[in-house]
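Okay, structure first, notes after.
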Amino acid sequence: MRYGKTLQQAIYPPWRDNYIDYAKLKKILRDDDSAPSSPSTETVGEKWTDEDEGKFVDELVNVQLEKVHAFHKETYEKLRERTAKCEARLDTVAVAEHGVSKQDQAEGGAENGGEEGKSNGEGSGNGNGKKAVPSEDEKKSILTEVLSELDLITKETNELEKYSRINYTGFLKAVKKHDRKRGGSYRVRPLLQVRLAALPFNTEDYSPLLY
């Protein structure tokens with residue numbers, strides 16, 4: 307199957323406008339039936355100029371690649387924030403069940419050596435600083451809402467991973483097509499590889515969002 311069709315089938319509808327515009331890159335490259343199949347057989351009237359090359363590279367690297375990178379970065383950060391909020395809400399349920407939060411456990415472990423005297427009258431769970439304990443109904447509501455949100459986060463994390471793969475493939479396909487058809491004087495693959503190596507969208511670790 308051609309990449310263009312594969313891309314269309316892989317698109318996650320809410321993010322449609324943030325994928326590589328592969329059709330636009332092909333149009334700039336003049337990749338149609340009249341375009342040569344190799345850089346050594348350029349047809350009359352189809353001369354590939356410095357201006358053409360500059361336009362293609364600018365669209366590939368400065369427009370399409372930056373668009374994909376920016377969207378991936380923003381989406382990943384939003385998913386991390388949503389995951390952290392879920393953990394914080396679950397922590398309130400843990401406090402109600404066990405009387406101690408993850409933060410309290412961490413702080414208690416750090417202060418355990420020689421700090422036991424502070425527990426007399428200075429405990430974090432006493433006085434006006436005591437956190438409100440949710441009722442049973444509130445705990446059930448929190449758990450239901452958090453589980454629903456985590457399902458959505460998991461779905462979007464999986465979609466983001468697929469988004470990274472399909473766009474990465476698109477950039478490689480675009481430069482391969484360019485270098486095959488217009489690579490007699492210009493080769494773009496080395497430039498793209500340097501730029502891709504500097505961007506994390508295809509090497510991001512998604513496990514912190516899933517586990």
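In terms of the working numbering, the sequence shown is residues 307 to 517. Glycine is no exception: its CB is placed at the ideal position from the N, C-alpha and C atoms.
State buried or exposed for Gln370, treating a residue as buried only when at least 16 other CB atoms are found within 10 Å of its CB.
-> With 16 or more other Cβ atoms from the protein chains shown falling within 10 Å of its own Cβ, Gln370 counts as buried.
Rounded to whole angstroms, what's the CA-CA distance from Tyr318 to Tyr469? Just pull it up for me.
-> Using only the alpha carbons, I get a separation of about 8 Å.
Figure out for me which residue from Lys373, Tyr382, Ala480 has the closest Cα to the Cα of Gly310.
-> Answer by Cα proximity: Ala480.
Indicate whether at least one CB of chain B lies closer than 7 Å to the CB of Ala503.
-> Given the protein chain composition of this structure (a single chain), no chain B is represented.
Just the Cα atoms here: how many angstroms apart are Gly490 and Gly360?
-> Those two C-alpha atoms are separated by around 15 Å.
Taking the continuous alpha helix (DSSP H) assigned at Thr312, which residues delimit it?
-> Per DSSP, the continuous alpha helix (DSSP H) segment holding Thr312 begins and ends at 309-316.
Of the choices Ser513, Thr475, Lys332, Ile459, whose alpha-carbon is the least far from that of Lys384?
-> Checking every option, the nearest Cα to that of Lys384 belongs to Ile459.
Excluding five sequence neighbours on each side, which residues of the same chain lie with their C-beta closer than 8 Å to the C-beta of Val367?
-> Around Val367: Leu497, Leu498, Arg501.
The alpha helix (DSSP H) spanning Asp358 covers which residue range?
-> Note, Asp358: alpha helix (DSSP H), 356-363.
Pro320 to Glu465 span [Cα, whole Å] = Answer to the nearest angstrom: the Cα atoms are 11 Å apart.
Starting from Tyr328, follow the alpha helix (DSSP H) in both directions and report where the run begins and ends.
-> Per DSSP, the unbroken alpha helix (DSSP H) holding Tyr328 starts and ends at 328-335.
Roughly how many angstroms lie between the CA atoms of Val399 and Glu387, to the nearest whole one?
-> If you take the alpha carbons of Val399 and Glu387, they lie about 19 Å apart.
Report, in whole angstroms, the separation of the C-beta atoms of Ile326 and Asn508, which I expect to be a contact under 8 Å.
-> The distance from the Cβ of Ile326 to that of Asn508 is about 12 Å, inconsistent with a contact at the 8 Å cut-off.
So what does DSSP say about Leu502, is it helix, strand or coil?
-> DSSP, read as helix, strand or coil, puts Leu502 in helix.
Can you list, in chain order, the residues of its chain whose CB lies under 8 Å from that of Val363, leaving out five sequence neighbours each side?
-> Excluding positions up to five away in sequence, the list reads Val494, Leu497.
Sequence-distant residues of its chain with Cβ nearer than 6 Å to Arg395 (five each side left out) | Sequence-distant Cβ neighbours of Arg395 in its own chain, meaning closer than 6 Å and more than five residues away, are Ile448, Val452.
Opening and closing residue of the alpha helix (DSSP H) in which Val439 lies = Annotation for Val439: no alpha helix (DSSP H) segment contains it, and DSSP assigns it neither H nor E.
Which value, in whole angstroms, describes the spacing of the CA atoms of Thr463 and Lys353?
-> Rounded to the nearest whole angstrom, the C-alpha separation of Thr463 and Lys353 is 44 Å.
Are the CB atoms of Lys483 and Asp337 nearer to each other than 7 Å?
-> In contact: Lys483 and Asp337 (Cβ atoms closer than 7 Å).
Spatial distance of Tyr328 from Tyr382 (CA atoms) | In a straight line, the C-alpha of Tyr328 is about 23 Å away from that of Tyr382.
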